[in-house]
Structure formats: C-alpha cells, structure tokens
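Have a look at the structure below before the remarks.
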Amino acid sequence: MYEAFQVGCAQAKMSSDLLLPERILPHLRTQSFGRTIHHHDRAVSTNDLAHQFALAGASEGTLVLAEEQSSGRGRLGRTWASERFSGIYASLILRPEIEPREAPILNLAAAVAVSKGIRDVVRLETDIKWPNDVLVNGHKCCGILTEMSTELDKIQFVIAGIGINVNQMKFPPELENKASSLFLETKRVISRIEVLVSVLKRFEDLYAEFLRKGRSVVLEQWIQRSSYASGKKVIVESGSRRISGITVGLGDDGTLQVKTENGQIETVMSGDLVAWESIVHVTRH
Ligand code: BTN
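Residue numbers (my numbering): 9 to 293.
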C-alpha cells in the first residue's frame with residue numbers, strides 16, 4: 009500500500025519535470041548548447057529528427073528532446089528503451105570544423121560530459137565502458153549514439169544522441185541485469201532538467217577545449233574516468249572479429265588498444281566489449 013503511494017508520488021514528480029524549453033532555459037549556463045530547443049512529446053527517434061533539422065540548416069547547439077521515443081536507436085543497430093517521462097532522450101547538433109577522422113573523439117567527449125554531469129547533480133561516481141557507455145555500479149545508465157554527415161570529406165554536421173536512464177523504476181527482463189537508472193541507484197527521484205543542464209554545460213566546455221587544444225584533453229579525461237582504459241580483461245566483438253586480451257590504452261583517435269595472448273596489440277575501432285575483470289587497479293581522480 010505504502011509502496012503504491014510512493015510510486016504514485018514519484019510518478020507525479022516525474023510528470024512535473026517535463027523537458028520544456030521554458031523550464032530548461034532559465035537554468036542553462038551554456039553559450040550555444042541547448043539555446044534552441046525542439047521539444048517533442050513523442051518522437052520516433054530524436055536522432056532522426058535532429059538529422060532533419062540539421063539538413064534544414066539548424067545551427068550548432070540546437071537540441072532535440074522527446075518525452076518518449078517509439079523507436080529509439082542504439083549503437084550497432086540496437087534499440088534504446090525510451091519509457092515516457094523517465095529518461096532523457098536528447099540529440100544535439102554539432103558543426104565542428106575538424107576532419108571526419110577526428111569525429112570519434114566526440115563520442116568520448118560526450119561520455120565524459122555525462123559522467124561529470126551525473127556527478128555534479130547526483131553525486132554518483134561512474135565508470136565509462138569503451139567507447140561511451142556510462143555505468144553506475146557496473147550497470148549502464150547512459151548510452152550515446154553519435155552520427156556524422158559528411159560531404160567531400162568535410163563534416164556537414166554531427167548528431168550526438170544521448171540517452172540517460174534517470175527515473176526508470178524497472179527495465180524489460182532482457183535488460184534487467186545490464187541497465188539501471190539514477191533513481192534505482194540512489195532511491196531518489198532525480199530532476200531530469202538538472203541533469204540535462206549540467207551535461208550540456210560540461211559537454212560545451214569540453215567541446216570548446218577540444219577544438220582549441222586538440223584530442224589529448226578529451227583522451228586524458230576519458231582515461232581518468234574509465235576502468236576500461238587499461239588492465240581490463242576483455243572480449244571484443246567487432247564485426248566478424250572476436251578479440252580477447254587485456255586493454256592497454258587508447259590510440260590518439262580514441263580507438264581501444266588490446267593486447268592479445270600472443271603479445272600482439274590489436275586496435276579496435278568499434279564494437280562491443282565484454283569485460284572479464286580488472287587486473288590492474290585504476291585510481292580515479
Ligand atoms: C547505445 O546503444 O548505447 C546508444 C543509445 C543512444 C540512445 C539515444 S536516446 C536519444 C538519441 N535518439 C536515439 O534514437 N538514440 C539516441
């Protein structure tokens with residue numbers, strides 16, 4: 009009975025936390041990220057919508073938000089569970105003047121920004137599983153899908169799609185052991201607006217630093233926040249390749265370096281990681 013009352017209160021609190029521009033803008037501390045917001049009650053995928061806005065000329069920092077997605081897209085062709093009012097489903101349009109080969113760094117930068125944003129608001133430490141899953145207590149609370157459009161080897165735009173599990177109370181059975189939400193990890197209803205505003209600020213700052221100083225600022229911060237950067241026993245599934253070994257760092261371009269049993273260093277550009285265990289303790293700062 010009391011539990012039902014608590015759930016009722018939590019749900020009421022969540023529905024008053026709509027991601028409406030007029031509720032977000034007064035709290036925003038950015039120059040361009042999120043200064044233009046397209047809010048949708050329901051979207052198929054905010055990344056698809058952002059793509060359309062970008063083609064129509066939307067400026068850098070334009071943000072597309074939805075209260076739910078009917079077909080949220082994840083990495084490697086997966087779907088992203090996008091329950092109504094519970095999570096943040098956000099796609100940001102970027103127009104960086106960098107070479108397309110440098111764009112994967114934006115994946116890592118987005119993950120660092122989410123990790124910092126969660127710490128700012130929820131006071132939870134996170135881990136980052138390569139390339140950009142943000143984990144709390146080993147469970148995935150955020151996924152990032154970055155998509156790029158190029159023309160004649162020039163970036164037209166990048167869409168950084170960020171899904172954060174904020175107030176989900178449960179997950180479909182197939183995700184139960186893998187996914188979690190900030191609510192489940194803290195037993196508190198968390199303001200989506202506060203998390204979003206903080207992530208946008210952290211992302212804008214790191215993005216500006218990357219454009220000014222180069223990739224190393226992002227790589228250093230990613231490495232500090234990830235137990236996967238080195239000393240982790242992993243199996244990587246990358247297309248038809250299956251590599252098992254120990255992580256030994258990141259390449260300049262954000263690729264993962266894995267040392268296999270025969271001592272060879274394999275470079276992984278994309279794929280899915282299964283962690284076994286850490287053999288080296290990584291101190292986080
Ligand atoms: C992953 O597989 O980990 C990436 C998930 C990315 C989900 C977000 S939610 C907002 C944006 N719109 C989408 O369709 N996907 C991304």
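Built from N, CA and C at the ideal position, the CB exists for glycine as well.
No heavy atom of ligand 1 is found nearer than 8 Å to the CB of D49. By DSSP's assignment, D135 forms a beta bridge with L143. E75 is positioned such that its CB atom lies no closer than 9 Å to that of R103. Taking C-beta separations shorter than 7 Å and ignoring five residues to either side along the sequence, the partners of F218 in its chain run I113, A117, V225 and V226, following chain order. The C-alpha of V130 is placed about 10 Å away from the C-alpha of V197. The C-alpha of D141 is placed about 14 Å away from the C-alpha of L183. With a threshold of 8 Å, the Cβ atom of L153 counts as near ligand 1, since some heavy atom of the ligand is closer than that. In this structure, the beta-carbon distance from V266 to G247 does not fall below 9 Å.
By the 16-neighbour rule on beta-carbons within 10 angstroms, P181 is exposed. Fewer than three pairs of CB atoms, one per stretch, sit closer than 8 Å, so the segment 34-41 makes no contact with the segment 49-66.
Restricting attention to beta strand (DSSP E) runs no shorter than 3 residues, the segment 56-142 encloses them at 71-74, 96-102 and 135-137, ordered along the chain.
Counting only the Cα atoms, L73 lies some 16 Å from G82.
For I32, no beta strand (DSSP E) run applies; the uninterrupted alpha helix (DSSP H) run containing it begins and ends at P29 to I32, by DSSP.
Of all alpha-carbon atoms in I45, A119, H46 and S188, the one lying nearest the alpha-carbon of E228 is that of A119. Rounded to the nearest whole angstrom, the C-alpha separation of E193 and S94 is 14 Å. With a cut-off of 8 Å, the C-beta of D141 is classified as near ligand 1, since at least one heavy atom of the ligand falls inside that distance. Checking the 8 Å criterion, the Cβ of A98 is within range of a heavy atom belonging to ligand 1. Per DSSP, the beta bridge partners of I273 are K267. Residues V244, S246, I251, T263, L264 and V266 of the same chain have their beta carbon placed closer than 7 Å to that of V276, with the five preceding and five following residues left out of the count. In this model, L190 and T134 are separated by some 11 Å (Cα to Cα). With a contact defined as Cβ atoms closer than 8 Å, A98 and I170 qualify at about 5 Å. Under the DSSP assignment, A168 falls in the beta strand (DSSP E) whose first and last residues are K162 to I172.
Burial is judged here by how many other beta carbons sit within 10 angstroms of a residue's own beta carbon; L160 has fewer than 16 and is exposed. Per DSSP, T255 is one residue of the beta strand (DSSP E) stretching across R249 to L258.
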